[in-house]
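Same order as they appear, the protein sequences are chains A and B. Using our numbering, the letters of the first sequence correspond one by one to residues 20 to 596. Using our numbering, the letters of the second sequence correspond one by one to residues 20 to 596.
2 protein chains.
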Amino acid sequence: MSVLRSERRPGAYYDSIVLMQLQSALAAEPGVSAAGVVMATEANLALLESTGLRPAGAATVPDDLLVAVRADTEAAGDDALARLDSLLDRRRASAADASAGHEEDYRPRSLETAVRMLPEASWVLISVPGRYAAGVAKRALDLDRNVFLYSDNVDLDDEVALKRRARSLGLTVMGPDCGTAIVGGVGLGFANRVRRGGVGLIGASGTGLQAITSGIHTLGAGVSHALGTGGRDLKQEVGAVTALQGLDLLARDSRTEVIVLVSKPPAASVATRLLGAALETGKPVVVDFIGYPPPGRQLGNLHFATGLGDAARLAVDLLDSSTEGRKAPAESSGARGLLRGLFAGGTLAFEALQGLRAFLPGVYSNVAIEGVEPLDDPTRSRGHTILDLGEDEFTIGRLHPMMDQTLRLARLRQETADPEVSTILLDVVLGHGSHTDPAAELAPVIEEILERRKRLEIVVIVVGTEEDPQDLEAQTERLSQAGARVFSDTSEAVAHALRRHQAASEELPRVDPAALAAPLAAINVGLESFHASLLAQEARAVQVDWRPPAGGDRKLMAILDKMRGTDTDWMRRESTP
Amino acid sequence: MSVLRSERRPGAYYDSIVLMQLQSALAAEPGVSAAGVVMATEANLALLESTGLRPAGAATVPDDLLVAVRADTEAAGDDALARLDSLLDRRRASAADASAGHEEDYRPRSLETAVRMLPEASWVLISVPGRYAAGVAKRALDLDRNVFLYSDNVDLDDEVALKRRARSLGLTVMGPDCGTAIVGGVGLGFANRVRRGGVGLIGASGTGLQAITSGIHTLGAGVSHALGTGGRDLKQEVGAVTALQGLDLLARDSRTEVIVLVSKPPAASVATRLLGAALETGKPVVVDFIGYPPPGRQLGNLHFATGLGDAARLAVDLLDSSTEGRKAPAESSGARGLLRGLFAGGTLAFEALQGLRAFLPGVYSNVAIEGVEPLDDPTRSRGHTILDLGEDEFTIGRLHPMMDQTLRLARLRQETADPEVSTILLDVVLGHGSHTDPAAELAPVIEEILERRKRLEIVVIVVGTEEDPQDLEAQTERLSQAGARVFSDTSEAVAHALRRHQAASEELPRVDPAALAAPLAAINVGLESFHASLLAQEARAVQVDWRPPAGGDRKLMAILDKMRGTDTDWMRRESTP
């Protein structure tokens, strides 16, 4: 029969890696068959339970260290527990050995001292437990350093406050819950070793970023920088502060030729802003919003990938293609006003909506589609409107608009009578069964309208082949001569139309490009393995010997903060919009 | 001053093209400035209103013909209206001229006669008004003909009944609201002229099919057949009867090398069945569910396109690639049971879910994603379960599973103790910061489990580069030697895992391949322009001189149907599940 012996140390904080090493060391003690060394969280207690190591009546207190050993005899168990402190000392000594030869045999206790030791450090890596993390990040910003915040379980309010603070200071905060980044060739947190090259990445998803950077390397190309944002950056509340900063940084970075933007599905309004900013970078951008219906394979300089492997391949393909081969970025023409689409083809209307709703807020339609406002009265347009004139409400007792354009021509005059309307989208579908000469009817009306409205743009999508009875070339030419811009692909037409309706980009206080400068130097607060990784990558790094302030006592912490003038009340204030 | 004169003819039915021609002819009469000839629907009256042609107090009666002319004098208006019947006669005479020289100077009044005149006709094209269309389609099925149903405004119940009836007879119904198809090189309804070739298409979207077939032609390739389904075929109630028949027809068609499946987003349960059937065709299938988040760029033999232009390019690329270059179809291994995924990487879990939920019903997860059931208790799996072990509930007070696999190893034993579980999905993410040798911990446990569970499959996704400190090759080899199937791409791993969990395909009564045989012969009931198109394409065709039964009187129609034994009650019966 074996016995279970345990010890609880209230408020004792240890790095999780230290706990794992302690656990292995205890399990190797004589007469011990199994050991558990954990912070007493609910999940950890459940794990101890499942391995028969949970002491009877053990309560959940996340700040308590709980040590349990299963031993052959009570004496063996007690001996093992008594070795706890000496095992800890031994581990500390070996950590000091490991960093011997590096610049810092001495580990500072405070961030301020660390900054004095390594003034060129532009980043502070933080991986302390969540409830302490915002305070440390705040101090790092006050010391004019960018923050890589690995810690999870950080309040959303704190995230919002930290990111606004950073933005106002020309700094950036990656995270919280930012697992990975590569800055100037050096991996922070979890990161694969990849060659340097022309692809710059922004990821609201940790392993997404790792899978794509690994993929790019495997395909023979390389990475300039990979910037993490944390999983909540694209939520409405946060508003993609870090991702927008990242786009701006990579747009200005001379090493970055192609940008990749990867995340789980963003909030709709955030997606709109982010895609708008991506359009304006002037570089090809591969977008992989996993699980978000892509608005097309390509829209201007944006290329939509479906899947991490696909994103890596697309990025490398774009890198390989000559500069001339790339689509010019969609430059905003500065024109504003409303867009109106009058479609005969239902699927073309649907595809156009799919593209427009991703970029424009306030799109209306008689086609039911998520993210698009329904039109109460289909006879009257509102805001940007896309109409499918082949829907039942328009076709009962009348020919389909692919045969009879009477209704569409009337609507075209109606829409263009509104001076707010600046762009018209139309489709012309050729082939058997359709109108025998649609351009002959449309062109005179287009000419007449453009005569009256010089700055109006009429964009026409023509679907057909040169074998079609209507003569594709003649139809296209007739429409062009009338002044319409003719495309054969909905996505291209939509990208063209969007140029006139893209909202002006906000002027962001920019992040100092020094954030991306190599060689990277950084200060690490938290997991020692991240410090070891930095050293292994030949980056200069200082490890802070961090302990929970006031032994983790919340009341005492608040008093200490106030005394030091580092209270975190500003975070609450700044997070109020 | 001009005057408005009008005439209403209750219950008078005319083909919409006839109305359009009448309208042009009336407007050309002396002293007439504008004319409107419409069925008195609400939309048409609104159109007359907008052009100043709506007679005061005109009521909405969709069965009534309404003729309005604006003339210089009352006399000119009355003269024009008096010409109505002679204009109609003149039009009839010219229609007879147009078809002179073709086999059928005589136009049968009934479908039965038409079938006797052209017994080789395997299709009946129907474009009569919606409320008559189901009855005509039913008679066509009874006469053993496939149906192309262009008419819209057909009841959903009637659609369900017609399609079930057709299926039980080895026939198919394209539509209702089916705008386009190409069968044996001949376009039905609206269709572009495209060369014949190796791409077969199925479209629940009319102009979608036209845009892709035109795109394929423009890229230099060709089309075997393009089968329309109607816009509601992929709704839950209809269950994709026509699309599933189409997949089966094209899978067996020797001319078809690559299949394209295009539609607006299908109902989730229908998507699952359809994608499952597509996996089993044994041919490359390009899927473009516009607006539906694709589960990946490629899964087995399925290739997901985003956009109509992209679908055309993908199909042509697949046609060009050698047979060896194509991925083998995911053959079902026949194994069943449950799938469990234990992920360290959140985005990899998300991407795997994205793929699995599209194919498997009843997937559970602790990751919030549409179409996936939430797991009440993350410590216990249900059905097919994908766990992200990096979520907060698993990481408070513990290292991330990319560093500490204790919890995952315990969970792996727990999952595989359940004899229902037949497949395990794992990820291993290498790189700085991660566990220094994950395979060394995982491999022995995998070996031990596979020793006990010989038919279990363990699939591992390894993310990393050959420069990573853990040695990618050694890690992969260690896992393979332990018996795991190792992949570097989530989509490939998911496609492999799906092979074991794909539901058995239903045995469908198959459609006679004669439906696709060339040369095509067809009977047209409704729009004369469709008949003219068939003749222009050198297909053999008979036009039925259709009139609404009983002059459109509903009560009388029902009595007539009963007397003829062609009542449509069976449709109501058959549409009840």
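Where is the CB? At the ideal position from N, CA and C, for every residue including glycine. A quick note: this is a predicted structure, and the numbers were derived from the prediction, not measured.
Residue i - partner residues in DSSP beta bridges
| i | result |
| --- | --- |
| His451 of chain B | A:Ala210 |
| His403 of chain A | A:Val382 |
| His236 of chain A | For His236 of chain A, which the question treats as bridged, DSSP gives no partner whatsoever. |
| Arg421 of chain B | Residue identity check: residue 421 of chain B is Met in the sequence provided, not Arg. DSSP, once it has assigned bridges, lists no residue as partnering Met421 of chain B. |
| Val22 of chain B | B:Ala90 |
| Ile201 of chain A | A:Gly206 and A:Ala245 |
| Gln264 of chain B | Answer by DSSP bridge pairing: none, since Gln264 of chain B is not bridged. |
| Arg28 of chain B | B:Leu84 |
| Leu321 of chain B | B:Val304 and B:Leu318 |
| Phe362 of chain B | B:Asp407 |
| Val57 of chain A | A:Leu85 |
| Val277 of chain B | B:Val218 |
| Glu476 of chain A | A:Thr442 |
Continuous beta strand (DSSP E) stretch holding residue i: start and end
| i | result |
| --- | --- |
| Asp82 of chain B | Val80 to Ala90 |
| Ala551 of chain B | Not the beta strand (DSSP E): Ala551 of chain B falls in the alpha helix (DSSP H), residues Glu547 to Ala555. |
| Arg215 of chain A | Arg215 to Gly222 |
| Trp565 of chain B | No beta strand (DSSP E) contains Trp565 of chain B, which DSSP labels as neither H nor E. |
| Leu144 of chain A | Trp142 to Ile145 |
| Ala540 of chain B | Ala540 to Val544 |
C-beta atoms of residue i and residue j nearer than 8 Å
| i | j | result |
| --- | --- | --- |
| Ala62 of chain B | Phe413 of chain A | yes |
| Thr484 of chain A | Val213 of chain B | yes |
| Thr509 of chain A | Leu327 of chain B | yes |
| Phe378 of chain B | Gln255 of chain B | no |
| Arg158 of chain A | Leu137 of chain A | no |
| Met39 of chain A | Leu418 of chain B | yes |
| Ser146 of chain B | Tyr169 of chain B | yes |
| Phe506 of chain B | Val478 of chain B | yes |
| Gly55 of chain A | Ala87 of chain A | yes |
| Val202 of chain A | Val257 of chain A | no |
| Ala558 of chain A | Ala540 of chain A | yes |
| Leu45 of chain A | Ala78 of chain A | no |
| Ser52 of chain A | Ser21 of chain A | yes |
| Glu400 of chain B | Arg519 of chain B | The displayed chain sequence assigns Ser, not Glu, to residue 400 of chain B. No, the Cβ-Cβ distance between Ser400 of chain B and Arg519 of chain B is not below 8 Å. |
| Leu263 of chain B | Leu238 of chain B | no |
| Val606 of chain B | Gly402 of chain B | In the structure as shown, chain B starts at 20 and stops at 596, and residue 606 of chain B therefore has no counterpart that could be examined. |
| Val289 of chain B | Lys182 of chain B | no |
| Leu266 of chain B | Ile221 of chain B | yes |
Residue i: first and last residue of the uninterrupted alpha helix (DSSP H) it sits in
| i | result |
| --- | --- |
| Ile468 of chain B | Pro457 to Arg471 |
| Val134 of chain B | Leu130 to Met136 |
| Pro335 of chain A | It should be pointed out that residue 335 of chain A corresponds to Val in this sequence rather than to Pro. Here the alpha helix (DSSP H) through Val335 of chain A covers Leu327 to Asp339. |
| Asn63 of chain A | Glu61 to Ser69 |
| Ile36 of chain B | Ser35 to Ala46 |
| Val513 of chain A | Thr509 to Leu517 |
Does the stretch 188-206 of chain B come into contact with the stretch 246-261 of chain B, if we say contact requires no fewer than three beta-carbon pairs (one atom in each stretch) closer than 8 Å? yes
Could you tell me whether the stretch 464-473 of chain A touches the stretch 425-443 of chain A, using the rule of 3 or more Cβ pairs below 8 Å? yes
Sufficient close CB pairs (3 or more, under 8 Å) joining the stretch 93-104 of chain B to the stretch 527-541 of chain B: no
Go through the stretch 283-315 of chain A residue by residue and report every complete run of the alpha helix (DSSP H) that reaches 4 residues or more, in order. 287-298
Should the stretch 205-212 of chain A be called in touch with the stretch 544-556 of chain A, which here means at least 3 C-beta pairs below 8 Å? yes
Three or more C-beta pairs below 8 Å linking the stretch 221-234 of chain A and the stretch 142-160 of chain A: no
Quick check on the DSSP output: what are the complete alpha helix (DSSP H) runs of length 4 or more inside the stretch 161-197 of chain B, in order along the chain? 175-187
Whole runs of the beta strand (DSSP E) within the stretch 481-506 of chain A, excluding any shorter than 3 residues: 504-506
Is the number of C-beta pairs between the stretch 219-228 of chain B and the stretch 184-191 of chain B that are closer than 8 Å three or more? no
Cβ pair count under 8 Å reaching 3, the stretch 267-287 of chain B against the stretch 308-323 of chain B: yes
Is the stretch 441-461 of chain B in contact with the stretch 484-499 of chain B, if contact means three or more CB pairs nearer than 8 Å? yes
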